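> A single structure is presented below for examination.
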Amino acid sequence: MVDLKHVPGDMDTESFRRYGHELVEWIADYLSHSERYPVLSRVQPGEVRDALPKRAPEHGEDFDLILADFERVILPGITHWNHPGFLGYFAITGSSPGVLAEFLTAALNAQGMLWRTSPAVTELEEVALAWLRQLLGLPASFEGVIYDTASTSSLHALATARHAAVPDVRQRGLAGRPDVPPLRVYCSDHAHSSIDKAVMALGLGHAGLRKISADEAYRMRADALQQAIAEDRAAGLRPIAVVATVGTTSTTSVDPVPAIADICAAEQLWLHVDAAYAGVAAMLPDRRDTLAGCDRADSLVVNPHKWLFTPFDLSAFYCRRMDTLREAFSLTPEYLKTSEAGAVRNLMDTGVQLGRRFRALKLWMILRYFGAEGIRERLATHMQLAGTFAHWVDESRDFERLAPVPFSVVCFRFHPRDRPLSEQDLEALNSRLLDAVNRTGEVFLSHTKLDGRFSLRLAIGHIRTTERHVARAWELLQQHAERIGGQA
Ligand SMILES: Cc1ncc(COP(=O)(O)O)c(C=O)c1O
1452 MVDLKHVPGD MDTESFRRYG HELVEWIADY LSHSERYPVL SRVQPGEVRD
1502 ALPKRAPEHG EDFDLILADF ERVILPGITH WNHPGFLGYF AITGSSPGVL
1552 AEFLTAALNA QGMLWRTSPA VTELEEVALA WLRQLLGLPA SFEGVIYDTA
1602 STSSLHALAT ARHAAVPDVR QRGLAGRPDV PPLRVYCSDH AHSSIDKAVM
1652 ALGLGHAGLR KISADEAYRM RADALQQAIA EDRAAGLRPI AVVATVGTTS
1702 TTSVDPVPAI ADICAAEQLW LHVDAAYAGV AAMLPDRRDT LAGCDRADSL
1752 VVNPHKWLFT PFDLSAFYCR RMDTLREAFS LTPEYLKTSE AGAVRNLMDT
1802 GVQLGRRFRA LKLWMILRYF GAEGIRERLA THMQLAGTFA HWVDESRDFE
1852 RLAPVPFSVV CFRFHPRDRP LSEQDLEALN SRLLDAVNRT GEVFLSHTKL
1902 DGRFSLRLAI GHIRTTERHV ARAWELLQQH AERIGGQA
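Okay, so the sequence shown: first residue is 1452 according to this note's numbering, each after it adds one.
What follows is the structure, given as structure tokens:
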């Protein structure tokens, strides 16, 4: 017998207990004082890498030393998504119950590929997704599955649409088939880039995605969609799916899902709704209309890791035709056959990946700990704060708003009125302003482009962001705008 007792390796129970307590203290402190760090990391490219040895150690090291290096080398290279001044992209939150759930998930290390490899992984996923579905007001005909990200959810949606249109694709593929005309997918020109990546990965080619123009409020034009489908059919192409977005990435605009659903029904196309960010707003009774028409979608994605206080990653995918998805993806090698197959769900049948993390635990704990009421209050507060900021912009002489504010994101720019400035000048000015404000370390904002206009973007989604942080962002923007404007 080999005796590994004196070989360095896993931690003994007492050390684990000690470091566990120490880390919980550290995390509690971090979550309540994340403002002491600059939001956007200040390291230079290569700095973290170069501060670390080129090779793994031959001999195990002391955990105190490892933790010291975590603080010294790793932490400065972190951009603090859990900082209340994080107002970029879609601001998110790793809430405390979610962090604790992740701790348990890591400890259990349960892998949910089969029902038997941890029945609770499969069944809790079913329960948590049914709770979330009810809160969103979606019908029971939607079956859910958890993936890592919305990109993966949309990839599965479009793979299933492809399978529905060409059922032998799984066997024969698409290449060199005179019997299958080029397939077409449609989305607005404001849809997320994950849709582009999905068609590329599915062998439809980027040219297989047709971008439909948007109206003045950045929503897909249903009449343009109808016309594009007719043109493509006349040209011998085969439309298979439409992706509508509820909460586009740049402006959070909402495509007209009811009108798009009518077109999909008449044309027999798969309708996938990307509600990754904004879908959760439908939990508010006065925002139920957020998901209007989505009950008629074939599939829909909502990301709890965006605006539902869930630590990254967790994407909730709902499908009314999960059997088609299973037809597209299930494949059981001998070594994964089980006697209970048929009587239970095996999560490996619902997608590409075999192994699955126990993600449902954090969603379940968050839904319980916050309660629907706690979630609704926070979502409403974020939308109010965005409204307040939009009001400040609207009232200001030298800033202008560039898009409506349906949820918690404001698109705007600095536009001094006393001088004629080209689009190029405005872009340079706003880009400098963005860098200057982000360099303060107090807040972090990101940008986008709308109709060729460089736009600053302020997104509220962190649980600890209050009016104080939004007001500070506005103060910094004004201060730096004055300085940069004066120099321009
Ligand atoms: C509308 C929309 N869909 C999809 C995504 C992709 O999300 P994920 O990072 O979960 O793949 C994003 C990311 O911001 C998004 O804004």
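Glycine included, every Cβ here is placed at the ideal spot set by N, Cα and C. Keep in mind it's a predicted model, so treat the numbers as computed, not measured.
With the cut-off set at 8 Å, would you say A1587 and V1753 are in Cβ contact?
It is worth fixing the name first, because residue 1587 is Leu in this sequence and not Ala. Yes, these two residues count as a Cβ contact at 8 Å.
> Going by CA-CA distance only, name the one from H1641, L1518 and L1634 that's closest to H1951.
What is shown of the chain runs 1452 to 1939, which leaves residue 1951 out entirely.
> Could you tell me which whole alpha helix (DSSP H) segments of length 4 or greater appear in the stretch 1604-1660?
1620-1623 and 1644-1652
> Secondary structure at L1503, three-state DSSP: helix, strand or coil?
coil
> Using 8 Å as the cut-off, can you tell me whether the stretch 1782-1790 makes contact with the stretch 1689-1705, which would need three or more C-beta pairs spanning the two stretches below that distance?
Counting Cβ pairs under 8 Å, fewer than three are found: no touch.
> Within its chain, find whatever has a CB closer than 6 Å to the CB of F1763; leave out the 5 residues flanking it on each side and keep chain order.
H1756
> Enumerate in chain order the residues of its own chain whose CB-to-CB distance from V1650 is below 6 Å, with the five nearest sequence positions on each side excluded.
V1636, G1659 and L1660
> Cutting at 7 Å between CB atoms, please list the residues of its own chain near S1546, excluding the five before and the five after it.
Apart from sequence neighbours up to five positions away, the residues of its chain that approach S1546 with a beta-carbon distance below 7 Å are F1760, I1817 and I1914, ordered along the chain.
> Given the structure, does Y1728 come close to ligand 1, in the sense that its CB is under 7 Å from one of the ligand's heavy atoms?
yes
> At a cut-off of 7 Å, is A1910 close to ligand 1 when judged by its beta-carbon and the heavy atoms of the ligand?
It does not: the Cβ of A1910 is nowhere closer than 7 Å to a heavy atom of ligand 1.
> Where in the stretch 1876-1934 do unbroken runs of the beta strand (DSSP E), each at least 3 residues long, occur, reported from the N-terminal end onward?
1895-1901 and 1904-1910
> Give a single yes or no on whether S1645 has its beta carbon closer than 7 Å to a heavy atom of ligand 1.
yes
> Could you pull out every residue in the same chain whose Cβ sits closer than 7 Å to the Cβ of R1739, ignoring the five residues on either side in sequence?
G1588 and A1733
> Does the Cβ of L1805 have 16 or more other Cβ atoms within 10 Å, making it buried, or fewer, making it exposed?
Under the 10 Å beta carbon count, L1805 is surrounded by fewer than 16 other beta carbons and is classified as exposed.
> Between the Cα of S1701 and the Cα atoms of I1597, L1853, C1745 and R1468, which residue gives the shortest distance?
Nearest option by C-alpha distance: L1853.
> Is the closest heavy atom of ligand 1 to the C-beta of T1775 under 7 Å?
No, the Cβ of T1775 stays beyond 7 Å of every heavy atom of ligand 1.
> Might you give, ordered along the chain, the residues of its own chain that have their beta carbon closer than 8 Å to the beta carbon of R1864, omitting 5 neighbours on each side?
Answer for R1864: F1850, E1851, L1853, L1877, N1881, R1904, F1905, S1906 and L1907, listed in chain order.
> Under 7 Å from any heavy atom of ligand 1, does the C-beta of F1407 make it?
This structure does not reach residue 1407, given that the chain is present from 1452 up to 1939, and the question cannot be answered.
> Output the residue ranges of the alpha helix (DSSP H) runs that lie fully inside the stretch 1651-1718 and measure 4 residues or longer, sorted by chain position.
1673-1685 and 1708-1718
> With DSSP as the reference, please indicate the residues paired to I1597 in a beta bridge.
A1767
> Starting from the Cα of D1513, find the closest Cα among S1873, R1567, W1532 and D1461 and give me that residue.
D1461
> For ligand 1, I want to know if D1725 counts as a neighbour, meaning its beta carbon is within less than 7 Å of at least one of the ligand's heavy atoms.
yes
> Out of curiosity, what's the CA-to-CA distance linking Q1929 and T1916?
20 Å
> Are the beta-carbon atoms of G1528 and F1895 separated by less than 8 Å?
no
> Could you tell me which whole alpha helix (DSSP H) segments of length 4 or greater appear in the stretch 1801-1886?
1811-1846
> Compute every distance between the C-beta of A1601 and the non-hydrogen atoms of ligand 1, then say whether any falls below 7 Å.
Result yes, Cβ under 7 Å from ligand 1.
> Is W1956 helix, strand or coil when you go by DSSP?
Since the first residue shown for the chain is 1452 and the last is 1939, residue 1956 is missing from the structure and cannot be characterised.
> If you measure between the beta carbons of R1772 and T1611, is that distance less than 8 Å?
yes
> What residues are listed by DSSP as bridge partners for V1752?
Answer by DSSP bridge pairing, in chain order: D1725 and F1768.
> Hey, how far is the Cα of S1644 from the Cα of E1473?
One C-alpha to the other measures close to 41 Å.
> By a C-beta neighbour count over all protein chains shown, 10 Å radius and 16 as the cutoff for buried, is N1560 buried or exposed?
exposed
> Report the three-state DSSP secondary structure of V1494 (helix, strand or coil).
DSSP places V1494 in coil when its eight states are reduced to three.
> For E1553 and L1812, I'd like the C-alpha separation in whole angstroms.
Computed Cα separation, rounded: 8 Å.
> Please determine, among W1815, E1828 and R1883, the residue with the shortest C-alpha to C-alpha distance to A1579.
W1815
> Less than 7 Å separating the Cβ of T1783 from some heavy atom of ligand 1?
no
> Along the alpha helix (DSSP H) that carries A1571, what are the first and last residues, could you check?
P1570 to L1587
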